[in-house]
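Visitor:
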């Protein structure tokens with residue numbers, strides 16, 4: 192039997208704050224959009240071109256990460272593609288593709304922006320659900336209070 196692979200690895204910036212909702216059975220589902228960018232040189236004009244690709248990401252059973260997944264944050268996402276279909280209000284069949292996140296790593300630290308991270312201090316939380324790597328400080332149930340002055344990324348700094 193032939194083997195197949197469904198694997199996605201993305202590094203990008205969040206387009207808006209993540210939202211966590213709960214299924215009827217009480218399972219938390221966190222959803223967010225992630226923008227990745229591609230840059231290339233146009234052979235005809237010699238100009239550099241850039242385009243953004245948007246990805247819908249779904250993370251199951253990790254309700255405590257949403258306060259850390261805020262607009263502009265850079266994250267590493269590893270998972271698989273899943274395509275679903277539904278009928279809209281007019282009866283038209285629609286489909287959408289999402290990344291089902293199995294591994295998540297925050298590449299910028301703190302709950303609301305801040306310094307660039309990406310190294311030590313990451314660990315896998317224990318318990319059920321998909322493995323999620325995040326800073327040890329994010330393991331708390333309440334995010335720490337934001338400092339009075341925050342020299343990190345603001346909404347004006349984010350290109351999307």
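In this note's numbering, the protein residues as written are 192 to 351. No residue lacks a Cβ here, since even glycine has one placed at the ideal position from N, Cα and C. Just so it is clear, the structure is predicted and the values come from calculations on it, not from any experiment.
1) Expressed to the nearest angstrom, what Euclidean distance is found between the alpha-carbon atoms of residue 212 and residue 291?
2) Skipping 5 residues on each side, what residues in its chain have a beta carbon closer than 7 Å to that of residue 268?
3) Between residue 209 and the rest of its own chain, which residues show a CB-CB distance below 6 Å, the 5 nearest in sequence each way excluded?
4) Could you tell me if residue 262 is buried or exposed, where buried requires 16 or more neighbouring beta carbons within 10 angstroms of its beta carbon?
5) Under three-state DSSP, which class holds residue 215?
6) Report the rounded CA-to-CA distance for residue 285 versus residue 273, giving the unit in angstroms.
7) Please determine, among 239, 219, 250 and 277, the residue with the shortest C-alpha to C-alpha distance to residue 271.
8) What would DSSP say about residue 193, mapped onto helix, strand or coil?
9) To the nearest angstrom, how far is it from the Cα of residue 147 to the Cα of residue 241?
10) Tell me the rounded alpha-carbon separation between residue 280 and residue 215.
11) Measure the alpha-carbon distance for residue 317 versus residue 237 and round it to whole angstroms.
12) Using only the alpha-carbon positions, how far apart do residue 199 and residue 282 sit?
13) On the DSSP letters alone, give me the boundaries of the beta strand (DSSP E) that residue 268 sits inside.
14) Go ahead and pull the three-state DSSP assignment for residue 226.
15) Name the residue from 204, 230, 231 and 217 whose alpha carbon lies nearest to the alpha carbon of residue 253.
16) Return helix, strand or coil for residue 209, following the three-state DSSP convention.
Guide: The short version:
1) 15 Å
2) The residues are 201, 225, 248, 290, 292 and 295.
3) Within the same chain, residue 209 has close Cβ partners 221, 223, 257 and 260.
4) buried
5) coil
6) Roughly 14 Å separates the two Cα atoms.
7) 250
8) coil
9) This structure leaves residue 147 out entirely; the chain is present only between 192 and 351.
10) 23 Å
11) With a pLDDT of 32 at residue 317, under the threshold of 50, the modelled position of that residue is not reliable, and no figure is offered here.
12) 32 Å
13) 265-278
14) strand
15) 217
16) coil
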